[in-house]
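Residue numbers for the sequence shown, in full-length UniProt numbering: 1 to 293. Cβ coordinates follow ideal geometry from the N, Cα and C atoms, glycine included.
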Amino acid sequence: MGGTCSTISVVSGDSCGTLAARCGISAADFTTFNPSPTLCSTLAVGQKVCCTSGGLPVPVQNPDGSCASYTVVPGDTCSAIAASNGITVADLDAWNTNTWGWETCNDLQLINICLSTGTPPMPPPVANAICGPQVPGTVTPPAGTNLSTLNPCPLNACCDIWGQCGTTSDFCTPSSTGAPGTAAPGTNGCISNCGTEIISSSPPAEFRRVAYFEAFNIQRPCLTMDVTQIDTTQYTHVHFAFLDITSTFDVDTSQFQDQFNKFVKLTGIKRIASFGGNYFRKLRSMSFLTEPP
């Protein structure tokens, strides 16, 4: 007696007698093929029973090492899932300790779960998730990857279990109940960049000191400064404000030509031409951007 048996599934109102009849076998044969002494008193809708010799077919681990998976739908229970797959509730609890969002069978979530041994499946996508492994379109990473590190929030903000970014305690307080992607009741949990403590990192290899030179200051009647008065030993970068752009999109330095000529001769600094500002907006030469030809 080897291999798997031929099966049928229990439906509402079934008994061992009706199951034997549907199998087309005698009650004695049904008992032989299904020897559990508690079977007839514990039948569950969806449960598989044998109509022939052999063992009940059960999901098996995939060749790549991942588990056989199932997506929980509304109305599912662990007992029903287990019964329909020839496994036990205890199996589900044992195989899903590392499954994303597994809150145990006492609080079954609408997630992807394992029906066998093996590495857990990727969690299902959440339409509005912007961080974490449930961002739509996220590619399954190599085995062993910490799913919490996928799709981190911009600027290292905290990511909660719902795939939302923030910087307050609502987003930044980890409260895992065991499995990854879980949170204590009444909390949003945190899966990456957690905590609100201010962390002082080591200083950079090089500090940059930036100056902003307003070339148009020479048009004032007083409190003016020539570009050559910049102490280049105190700065690493100097912005020259502002240059213009012509109607042919060439750079125009004529407004402050003398100052610009001096600026480009400065040494020991990174010299940066700046465009913009209120002055730039008011120049007649920019009218081509706002007036029809």
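Under three-state DSSP, which class holds residue i?
| i | result |
| --- | --- |
| Ile199 | coil |
| Lys262 | helix |
| Arg271 | strand |
| Ile87 | coil |
| Phe213 | strand |
| Thr7 | strand |
| Thr32 | helix |
| Ile191 | coil |
| Thr149 | helix |
| Ile111 | coil |
| Cys165 | strand |
| Thr18 | helix |
| Asp244 | strand |
| Cys222 | coil |
| Asp160 | coil |
| Asp252 | strand |
| Thr119 | strand |
| Gln227 | According to the sequence shown, residue 227 is Val rather than Gln. Three-state result, Val227: helix. |
Among the residues of its own chain, which have a CB less than 7 angstroms from the CB of residue i, if the five just before and after it don't count?
| i | result |
| --- | --- |
| Gly86 | Lys48, Leu56, Pro57 and Val58 |
| Ile25 | Cys51 |
| Thr290 | A caution first: Thr290 carries a pLDDT of 49, below 50, which makes its placement in the model unreliable, though a value can still be read off. Answer for Thr290: no residue qualifies. |
| Val60 | Ala68 and Ser116 |
| Gly181 | Trp100, Gly101, Pro123, Ile161 and Ile191 |
| Asp14 | Leu43 |
| Asp170 | Asn188 |
| Asp93 | Thr104 and Cys105 |
| Phe275 | Phe242, Leu243 and Ile245 |
| Val89 | Cys78, Ser79, Ala82 and Cys105 |
| Ala184 | Ser175 and Thr177 |
Can you list, in chain order, the residues of its chain with a C-beta nearer than 8 angstroms to that of residue i? Leave out the 5 residues immediately preceding and following it.
| i | result |
| --- | --- |
| Gly268 | Thr232 and Thr233 |
| Leu223 | Asn217 |
| Ser12 | Val45 |
Would you call the CB atoms of residue i and residue j closer than 8 angstroms?
| i | j | result |
| --- | --- | --- |
| Tyr70 | Leu115 | yes |
| Ser66 | Thr145 | no |
| Ile191 | Gly137 | no |
| Ala179 | Trp102 | yes |
| Val238 | Ile245 | no |
| Leu243 | Ala273 | yes |
| Leu110 | Val72 | yes |
| Asp64 | Leu108 | no |
| Val139 | Trp162 | no |
| Ser79 | Ser9 | no |
| Cys158 | Thr167 | yes |
| Cys40 | Cys16 | yes |
Beta-carbon within less than 6 angstroms of residue i's beta-carbon, same chain only, minus the 5 sequence neighbours each way: which residues are those?
| i | result |
| --- | --- |
| Pro4 | Here the sequence assigns Thr to residue 4, which means Pro is not the residue at that position. The residues are Gly54, Gly55 and Pro57. |
| Met286 | Only weak support exists for where Met286 lies, its pLDDT of 46 falling under 50; the coordinates are left without a value. |
| Phe260 | Thr253 |
| Pro121 | Ser69 and Asn112 |
| Asn34 | Val49 and Cys50 |
Since residue i and residue j should fall inside the 8 angstroms C-beta cutoff, what is the C-beta to C-beta distance between them, to a whole number of angstroms?
| i | j | result |
| --- | --- | --- |
| residue 294 | Asn188 | What is shown of the chain runs 1 to 293, which leaves residue 294 out entirely. |
| Arg271 | Thr236 | 11 angstroms between Cβ atoms; not a contact. |
| Phe213 | Phe256 | The pair is not a contact, with the Cβ atoms about 10 angstroms apart (cut-off 8 angstroms). |
| Val227 | Lys262 | 5 angstroms |
| Gly195 | Cys172 | 6 angstroms |
| Asn193 | Cys153 | 6 angstroms |
Q) For the region 35 to 101, which segments carrying the alpha helix (DSSP H) assignment without a break, of at least 4 residues, lie completely within its bounds, in sequence order? A) List check, alpha helix (DSSP H) in window: 78 to 84 and 89 to 95.
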